[in-house]
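Structure record follows, encoded as structure tokens.
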Amino acid sequence: MSGAPRPEDGRGRTGRMVSGIAVAVGCVLFLGGFIWAAVLYKPYTVPTDSMAPTIERGARVLAERIDGDEVRRGDVVVFRDKAWGNTPMVKRVVAIGGDRIVCCDAQGRLAVNGTPIKETYLPDRTASMTGFSTTVPTGELFLLGDHRSDSVDSREHLADAGHGTVPRSAVDARVDATVWPTESLGMLPRPSGFDALPGGTSEPGPLTPLTVAVVSGAVLILGGSAYGPIARLATRRRKPAPAATEAAHG
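Heads up, the sequence shown is in our numbering, so the first residue is 1 and it goes up one at a time.
So this is what it looks like as structure tokens:
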């Protein structure tokens with residue numbers, strides 16, 4: 001009989017099954033990646049120009065929550081220290097406990113343990129407008145802003161008991177990426193100037209794979225959810241017109 005429902009073909013059942021799997025996998029990737037990123041990362045707003053041009057004033061960054069023992073030379077970190085005003089600050093670590101840091105040589109570079117450091121991120125390629133030298137106490141960090149002519153950093157605290165340093169325990173997180181403004185969107189490059197020193201530089205956190213998981217999850221959810229409406233639309237378009245059907249049975 002023409003009015004009897006036609007049994008669903010295998011392609012329809014397979015399509016629904018595949019779309020359901022896509023949505024399920026997409027939910028796992030999207031929610032899992034988003035939740036894990038929220039656990040590992042924290043957003044911050046950079047309040048000053050001290051890290052320009054690497055990070056401009058007002059930029060929003062994502063910083064990976066880390067223990068102070070994980071900090072390496074060259075890292076851009078978020079820290080809080082009473083001697084520095086007890087507010088979150090963003091600076092670059094240029095020396096760690098036991099390092100002898102001296103600035104500047106004839107080429108305007110600072111040296112760590114006698115090794116000149118090539119700091120390609122500096123806007124004017126000069127490590128400091130004023131000379132300084134100190135030995136970093138064990139368990140401490142020496143921090144500078146990238147905009148050396150407009151940064152209140154360890155140089156300003158050399159007369160303090162800690163010789164301008166802050167303890168590793170003061171570090172809350174390590175900056176991995178800039179997310180705002182959009183023209184600055186991207187991962188923060190790891191500097192190569194400290195590679196030759198013991199311990200090297202740190203590796204980026206898992207932000208990139210987490211972002212891929214979230215985006216892939218969203219695509220799978222949207223694609224799987226769209227299968228049903230698209231399949232129904234395609235079925236309606238394949239059905240013959242009523243007149244043609246009557247003529248065929250006439």
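Glycine included, C-beta positions come from ideal geometry on N, C-alpha and C.
In terms of residue numbering, what span does the beta strand (DSSP E) encompassing residue i cover?
| i | result |
| --- | --- |
| Ala-173 | 171-180 |
| Val-166 | 165-167 |
Applying the 10 Å Cβ sphere with the 16-neighbour rule, what's the burial state of residue i?
| i | result |
| --- | --- |
| Ala-244 | Summary for Ala-244: the model assigns pLDDT 47, below 50, so the residue's position carries little reliability, and this model does not support an answer. |
| Ile-96 | buried |
| Met-17 | exposed |
| Met-129 | exposed |
| Ile-21 | exposed |
| Gly-186 | exposed |
| Glu-140 | buried |
| Phe-198 | Here residue 198 is Pro; the residue named in the question, Phe, does not match the sequence. Exposed, because fewer than 16 other Cβ atoms sit within 10 Å of the Cβ of Pro-198. |
| Ala-248 | Residue confidence is low: Ala-248 scores 48 on pLDDT, short of 50, so the model does not pin down where it sits. Its coordinate-derived value is still stated next. With fewer than 16 Cβ atoms within 10 Å of its Cβ, Ala-248 is classed as exposed. |
| Ala-106 | exposed |
| Ile-35 | exposed |
| Ser-2 | Caution is warranted here: a pLDDT of 48 is assigned to Ser-2, below 50, making its placement in the model unreliable, and the coordinate value is therefore given only provisionally. The residue is exposed, with fewer than 16 neighbouring Cβ atoms inside 10 Å. |
| Asp-99 | buried |
| Leu-207 | buried |
| Thr-87 | exposed |
| Ala-83 | exposed |
| Thr-134 | buried |
| Arg-125 | exposed |
Pull the bridge partners of residue i from the DSSP assignment, please.
| i | result |
| --- | --- |
| Val-61 | Tyr-44 and Thr-178 |
| Gly-186 | Thr-178 |
Check this for me: beta carbons of residue i and residue j, under 7 Å apart or not?
| i | j | result |
| --- | --- | --- |
| Val-175 | Gly-33 | no |
| Ala-59 | Ser-184 | yes |
| Gly-131 | Cys-103 | yes |
| Ser-169 | Gly-68 | yes |
| Ser-202 | Arg-72 | yes |
| Ala-177 | Leu-62 | yes |
| Phe-142 | Thr-120 | no |
| Val-90 | Val-46 | yes |
Please confirm whether any heavy atom of the ligand PLP lies closer than 6 Å to the CB of residue i.
| i | result |
| --- | --- |
| Asp-172 | The ligand PLP is absent from the structure shown, which contains no ligands of any kind. |
Does the beta carbon of residue i come closer than 7 Å to any beta carbon on chain D?
| i | result |
| --- | --- |
| Met-51 | The structure shown contains no chain D, having only a single protein chain. |
Entirely within the segment 63-148 and at least 4 residues each: give me those alpha helix (DSSP H) ranges in chain order.
-> none
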